[in-house]
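Here's the structure, in structure tokens; my notes come after.
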Amino acid sequence: MSMFNIGLSGLKSTQTGLEVTSNNIANSGTAGYKNNTAEFAAVYNGGQRGGVKVANIKEDFVTGGEIVRTGNALDIAIDGQGFFAISENGRTAYTQAGQFTLDNNLNIVNANGSTLQGFGVSEAAGGETTIVSGVLTDLKIEASNIPAQASTSIDFNGNLSSASDIISYPVAPALFDPKDGSQYNFSQSTEVFDSLGNSHVMTQYFNHTGSNEWQAMFFLDGKPLTETQLTGAGLTSGMSSTPAVPGANVGNQSVDDGTGTAVSAGVLKMTFDTNGQMIPYSTTPDVRAVKLSVGVAGATATTNAEISTGAAALAINLKFDGTTQFGSSFSVNENDADGYTSGAFSGVTVGDDGKVFATFTNGESKLQGQVVLASFANVDGLEQGSNTVWYQTEESGSALYGEPDSGSLGKLLSGSFMGSNVDISEQLVGLMSFQQNYQANAKTISSADEMMQILFSNT
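For the sequence shown, the residue numbers in the numbering used here are 56 to 514.
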């Protein structure tokens, strides 16, 4: 091949290298963009030197891009390997550009309107949602307001100090006064909700009444629950000095209603063994629970606890599992009640595992689906497309979907996106190198031209 053609091959290949470098620089701020590298190969024709060609333009899928923090919950970065799957008018594409938002139909989409894909959810009869694995679907947010849910359980777990003073309840006609802190050892309040979402305060008053023995009373919004409002497995009326299993665990006490008038309140007996463990109210099963039943106004005496908001009666299972009586100070390890008031849609959160939740103004959240990641046997075989996406090919192999942070797949970082992995300094060096190469190849062509002119001028 003539020197002209060799020089021209150098110019053409160098021009391609310049185009690749220029494109890298132009996309240095593009989310999910992968640095491209032009790979060159020498050309020989029958053993004769033939110049150079661009053998391949390779994308760098190994080096991660910069993680850019935004605070937007639907900006999602992949910390590691994997691709988001998106639907482009019915065609599945793959990207690492994790900048998403909600459209007017509450689909999770990117700037081009392509819908993020993932696993959907199935809702059971009780309202519990679970992920439906294995089938890709458009991820969409269900933003309907959450109705109120009445409290049905309180999980209480703490330590009642065995070193506390013995404080027996006042003997009639004296009245227990919850406003007098000297009449009980400890108290603890819990917020509960009725069926209309109205907030109520359930307060427990604990008295250390004897060796390894405690008693508790329960007040709702300042009014005591009666003996008949305390029920549970193994609980029977009438206090006994020696607890049986099941034992006589419920009695009553006269309480000051705030005006000096006596009101009957139920008292729960709690007994502990010599190792500080609470003795169950029942041996089969192991029950440390009492049901607190509060009827609607008119069904109970107005001096005792009642629901007067128009809501349904309350039935709360108060569990004492794990409650102890050690010599250390009073402490509360757990005091959790279910139930909540109604809530309006307030936003979206995405976990490291890809699970998407709708959040509501009442602090509740609801599972909406799960973002999944795709991997390929040969990422270099992917077909590049516009808008920083790739498409699977026979060479890449079919996409394999999995949960984030499983196998070789990376975890997700909500509130961030993966930027370009282009190194600008490296590209500028390459730009100068290609410019010099282009000038040198142009010089070989001009030198060949001068030699041809000398040859023809001497013939």
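Backbone N, C-alpha and C define an ideal beta-carbon position, used for all residues, glycine too.
{"Item": "With Thr-258 as the anchor, note down where its beta strand (DSSP E) starts and where it stops.", "Value": "254-265"}
{"Item": "Can you pull the DSSP bridge partners for Met-333?", "Value": "Phe-327"}
{"Item": "With 16 as the cutoff for other CB atoms within 10 Å, does Tyr-99 come out buried or exposed?", "Value": "exposed"}
{"Item": "Is the CB-CB distance between Asp-235 and Val-256 below 7 angstroms?", "Value": "no"}
{"Item": "Throw me the rounded Cβ distance for the Gly-402 and Gln-425 pair, which I believe falls under 8 angstroms.", "Value": "In fact, because the Cβ distance is near 18 angstroms, the residues do not count as touching under 8 angstroms."}
{"Item": "Under 7 angstroms between the Cβ atoms of Ile-122 and Ser-451?", "Value": "no"}
{"Item": "Taking the beta carbon of Asp-21 as the centre, do at least 16 other beta carbons fall within 10 Å, making it buried, or is it exposed?", "Value": "This structure cannot settle anything about residue 21, because the visible part of the chain is limited to 56 through 514."}
{"Item": "State the beta-bridge partners of Ser-309 as determined by DSSP.", "Value": "Ser-319"}
{"Item": "What is the residue span of the beta strand (DSSP E) that Asn-111 lies within?", "Value": "103-114"}
{"Item": "Leaving out five residues on either side along the sequence, give the residues of the same chain with a beta carbon under 7 angstroms from the beta carbon of Ser-453.", "Value": "Gln-447"}
{"Item": "Is the segment 388-397 close to the segment 246-255, with three or more CB pairs under 8 angstroms?", "Value": "yes"}
{"Item": "I'd like to check one pair, Thr-326 with Asn-212: are the Cβ atoms closer than 7 angstroms?", "Value": "no"}
{"Item": "Please report how far the alpha carbon of Thr-118 lies from the alpha carbon of Phe-375, in whole angstroms.", "Value": "53 angstroms"}
{"Item": "Quick check on Gln-270: buried or exposed, where buried means 16 or more other Cβ atoms within 10 Å of its Cβ?", "Value": "buried"}
{"Item": "Thinking Ile-479 and Ile-80 are a contact (beta carbons under 8 angstroms), I'd like their distance in whole angstroms, please.", "Value": "7 angstroms"}
{"Item": "Given Val-411, which residues of its chain have a CB within under 8 angstroms of its CB, disregarding the five upstream and five downstream residues?", "Value": "Ile-163, Gly-173, Leu-194, Ile-196, Val-403, Thr-404, Val-405, Leu-422, Gln-423, Gly-424, Gln-425, Val-426"}
{"Item": "In chain order, what residues of the same chain lie with their CB nearer than 6 angstroms to the CB of Asp-312, ignoring the 5 residues before and after it?", "Value": "Val-318, Thr-358"}
{"Item": "Could you give the distance in angstroms between the alpha-carbon of Val-477 and the alpha-carbon of Asn-390?", "Value": "51 angstroms"}
{"Item": "Using the Cβ count rule (16 or more neighbours within 10 Å means buried), how would you classify Gln-284?", "Value": "buried"}
{"Item": "Between the alpha carbons of Pro-298 and Glu-268, how many angstroms are there, rounded?", "Value": "Interpretation of Pro-298 is limited by its pLDDT of 40, a score under 50 that renders its predicted location unreliable; the figure taken from the coordinates is listed afterwards. So the two alpha carbons sit approximately 10 angstroms from each other."}
{"Item": "Going by other Cβ atoms of all chains shown within 10 Å of its Cβ, with 16 needed for buried, is Ser-296 buried or exposed?", "Value": "Unreliable positioning characterises Ser-296 in this predicted model, as indicated by a pLDDT of 42, which lies under 50. A coordinate reading is not provided."}
{"Item": "Could you name the residues that DSSP lists as bridge partners for Met-272?", "Value": "Tyr-260"}
{"Item": "List the residues that DSSP assigns as beta-bridge partners of Lys-346.", "Value": "Thr-286, Asn-372"}
{"Item": "In terms of residue numbering, what span does the beta strand (DSSP E) encompassing Ile-201 cover?", "Value": "No beta strand (DSSP E) contains Ile-201, which DSSP labels as neither H nor E."}
{"Item": "Taking the alpha helix (DSSP H) that Phe-248 falls in, what are its first and last residues?", "Value": "Element bounds for Phe-248: not the alpha helix (DSSP H) but the beta strand (DSSP E), 241-248."}
{"Item": "Which residues does DSSP pair with Tyr-149 in a beta bridge?", "Value": "Ala-140, Trp-445"}
{"Item": "Looking only at DSSP bridge pairs, what is Asp-210 linked to?", "Value": "Lys-374, Asp-391"}
{"Item": "Please list the terminal residues of the continuous beta strand (DSSP E) segment that includes Ser-401.", "Value": "400-405"}
{"Item": "Helix, strand or coil for Ala-429, going by three-state DSSP, please let me know.", "Value": "strand"}
{"Item": "Alpha carbon to alpha carbon, what distance is there between Phe-261 and Ala-367?", "Value": "28 angstroms"}
{"Item": "In terms of alpha-carbon separation, which member of Gln-103, Gly-65, Ala-128, Gly-126 lies closest to Ala-110?", "Value": "Gly-65"}
{"Item": "Between Ile-209 and Ala-392, which are expected to be in contact by the criterion C-beta below 8 angstroms, what is the C-beta distance as a whole number of angstroms?", "Value": "5 angstroms"}
{"Item": "Looking only at C-alpha atoms, which of Gln-154, Gly-168, Ser-77 sits nearest to Asn-52?", "Value": "An answer regarding residue 52 cannot be provided, because it is not within the stretch 56 to 514 covered by the chain."}
{"Item": "Between which two residues does the alpha helix (DSSP H) holding Asn-78 run?", "Value": "58-81"}
{"Item": "Give the DSSP-derived three-state secondary structure of Asp-460 in the structure shown.", "Value": "coil"}
{"Item": "Starting from the C-beta of Leu-373, find all residues in its chain whose C-beta is less than 7 angstroms away, skip the five residues before and the five after it, and write them out in chain order.", "Value": "Ile-209, Phe-211, Ala-344, Val-345, Leu-347"}
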